[in-house]
Amino acid sequence: MNIFEILKELKNIKPDQEYAKQSRYLILSQTPQTDKKITVAEIFDWIFIHRLATAASLISVFILLVILSISYLPGNKNSLVAEADEINASIQIKLNDIGYQLQNPTEINIEEIPNVQKKLEEITKLMEEAQTLNENKDKKIEEYLKKIKAAQTLFTEIESLLVK
Amino acid sequence: MIEEQQKLIKEAIAGKPASFGSLYDHYQPIVYRFIYLKVSHKEEAEDLTHQVFLSAWLNISEFKIKKEASFIGWLYQISRNKVIDHYRTKKPTVDIDNIADPPEIEKKSSEETEDFKIKIKMVKRAIPLLNEIEQDVVIMRFIEDLKPKEVAEILKKSEGSIRLIQHRAINKLKNILNK
Chain A
439 MNIFEILKEL
449 KNIKPDQEYA
459 KQSRYLILSQ
469 TPQTDKKITV
479 AEIFDWIFIH
489 RLATAASLIS
499 VFILLVILSI
509 SYLPGNKNSL
519 VAEADEINAS
529 IQIKLNDIGY
539 QLQNPTEINI
549 EEIPNVQKKL
559 EEITKLMEEA
569 QTLNENKDKK
579 IEEYLKKIKA
589 AQTLFTEIES
599 LLVK
Chain B
20 MIEEQQKLIK
30 EAIAGKPASF
40 GSLYDHYQPI
50 VYRFIYLKVS
60 HKEEAEDLTH
70 QVFLSAWLNI
80 SEFKIKKEAS
90 FIGWLYQISR
100 NKVIDHYRTK
110 KPTVDIDNIA
120 DPPEIEKKSS
130 EETEDFKIKI
140 KMVKRAIPLL
150 NEIEQDVVIM
160 RFIEDLKPKE
170 VAEILKKSEG
180 SIRLIQHRAI
190 NKLKNILNK
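Residue numbers (the numbering used here), protein chains in the order written: chain A, 439 to 602; chain B, 20 to 198.
This is the structure in structure tokens:
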């Protein structure tokens, strides 16, 4: 038995793909400490940042509501909860990405700022619609998820718009 | 490749999640293997690997960029500390003789697989019996294929001392396996 050959074979040990994906989502949804000195407020319109923050917090609150609502529904809704969780993590990552872009003004496409603002308005509108859905007694979870997914897509678009 | 890694590391230090994500994709299997071979437990290895990358991401600004090798060195350092903390706070709960098959090993023919599994199991039992530095050197040199110079840099030892440790560790492994 050649010990070196066996040791080399151990390189085939790999983590479970699903675990790796979940772990990645969870890690990237956290915000690291950075040494950045330049703040967005110094460069960009304060309202823009304020709206982004408002949209972000609305989305976070809304997603929490959705997850809670799904959890209380009868029947097995685990897959929906898992999906909502995943979208939530994905949105958090996008928000971190956008936050990074905004803190690095040299990397931002300034010309697209008006379009970004429009998309933020669309996100806010989506959130308002979702809140209306929440007030409706006949809750449709799939409709909730559609709204979150739409917000998720808009965040992806914002991210692409900001890239130079 | 190295330039691309350098760029990703710089962007990650500036707080760009996508860049840290790419680094995660590249280094996560290496860190997972390193930890798994030390703790011999799938769930514990997953948990500790998660902690290593979470800690690396949250403290990314503390990493001082030198070269690509130093980033994996930094991750190894965090991993070693996490494993040490793990054993400090919790005694191993798994009997090394009852370790399950290694996760996600590439499939071979059935006969080969059986033989392979037995050998893997034997080596897996043997690795944790080495001391910590010997485990590190065996994993980095013979599983991850790092050069003695790279291992020396990561473990902050001389190349000569790495060669000595690897010689001792391989002899120990052979003795254990021949018992």
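Built from N, CA and C at the ideal position, the CB exists for glycine as well. Just so we're clear, the structure is a prediction, and the values are computed from it rather than from any experiment.
Identify which residue in the options has its Cα closest to the Cα of residue i.
i	options	result
B/V170	B/I54, B/E133, B/Q96	B/Q96
B/E6	A/P470, A/E447, A/Q471, A/K452	As displayed, chain B neither begins before 20 nor continues past 198, which places residue 6 of chain B out of reach and without an answer.
A/L448	B/T108, B/R144, B/P167, B/E81	B/R144
A/Q455	B/Q47, B/S41, B/E22, B/S38	B/Q47
A/K399	A/A589, A/N526, A/N440	Residue 399 of chain A lies beyond the range of chain A shown here (439 to 602); nothing can be said about it.
A/I531	B/Q25, B/A37, B/N194, B/E163	B/A37
B/V157	B/K175, B/D134, B/A188	B/A188
A/T591	A/V601, A/Q468, A/I561	A/I561
B/Y106	B/P147, B/K136, B/K26, B/L192	B/P147
B/Q154	B/K35, B/S59, B/T108, B/E30	B/S59
B/E30	A/E559, A/M565, A/Y538, A/Y582	A/Y538
A/E524	A/N450, A/M565, A/A458, A/L464	A/L464
B/E151	B/E23, B/T108, B/Y51, B/L56	B/L56
B/L165	B/N194, B/E133, B/S89	B/S89
A/I536	A/E597, A/R462, A/S467	A/E597
B/A33	A/S528, A/R462, A/N534	A/N534
A/V601	B/K35, B/K138, B/I28	B/K35
B/N78	A/T469, A/L583, A/E521	A/T469
Could you name the residues of the same chain whose beta carbon sits closer than 7 Å to that of residue i, not counting the 5 residues immediately before and after it, in chain order?
i	result
B/I54	A64, L67, T68, S98, V102
B/Y43	F72
B/H45	none
A/N440	none
Report all residues from its chain with a CB closer than 8 Å to the CB of residue i; omit the five preceding and five following residues, and keep chain order.
i	result
B/P167	R160, E178, I181, R182, Q185
B/W93	A75, F82
A/L599	N547, E550, N553, V554, K557
B/L196	M141, V142, A145
A/F442	none
A/T594	K532
A/E567	K585
A/K475	A caution first: A/K475 carries a pLDDT of 48, below 50, which makes its placement in the model unreliable, though a value can still be read off. For A/K475, where only same-chain residues beyond five positions count, there are no Cβ hits under 8 Å.
A/Y457	none
Got a sec? Which residues, its chain only, sit under 6 Å from residue i by beta carbon, not counting five neighbours each side?
i	result
A/S517	none
B/Q70	K101
Are there any heavy atoms of the ligand MG lying less than 7 Å away from the beta-carbon of residue i, as far as the coordinates show?
i	result
B/F90	Within the structure as shown, the ligand MG is missing, as the structure has no ligands at all.
Give the secondary structure of residue i by DSSP, where H, G and I count as helix, E and B as strand, and everything else as coil.
i	result
B/I115	Because the pLDDT at B/I115 is just 46, under 50, the model does not fix this residue reliably, and the point stays unresolved.
Contacting positions in the segment 31-46 of chain B - beta carbon closer than 7 Å to chain A: Those residues of the segment 31-46 of chain B that come within reach of chain A (Cβ to Cβ, closer than 7 Å) are A33, G34, K35, P36, A37, F39, G40, Y43.
field: Near-chain A residues of the segment 74-102 of chain B - C-beta to any C-beta below 9 Å
entry: A75, W76, L77, N78, I79, S80, E81
Inside the segment 56-81 of chain B only - alpha helix (DSSP H) runs reaching at least 4 residues: 61-77
query: If you measure beta-carbon to beta-carbon, which residues of the segment 526-540 of chain A are closer than 7 Å to chain B?
result: I531, N534, D535, Y538
message: Please identify, using Cβ separations under 8 Å, the residues of the segment 164-184 of chain B that lie next to chain A, in order along the chain.
response: D164
message: Short of 7 Å Cβ to Cβ, which residues in the segment 448-461 of chain A face chain B?
response: Within the segment 448-461 of chain A, the qualifying residues are L448, K449, N450, I451, K452, P453, D454, Y457, A458, S461.
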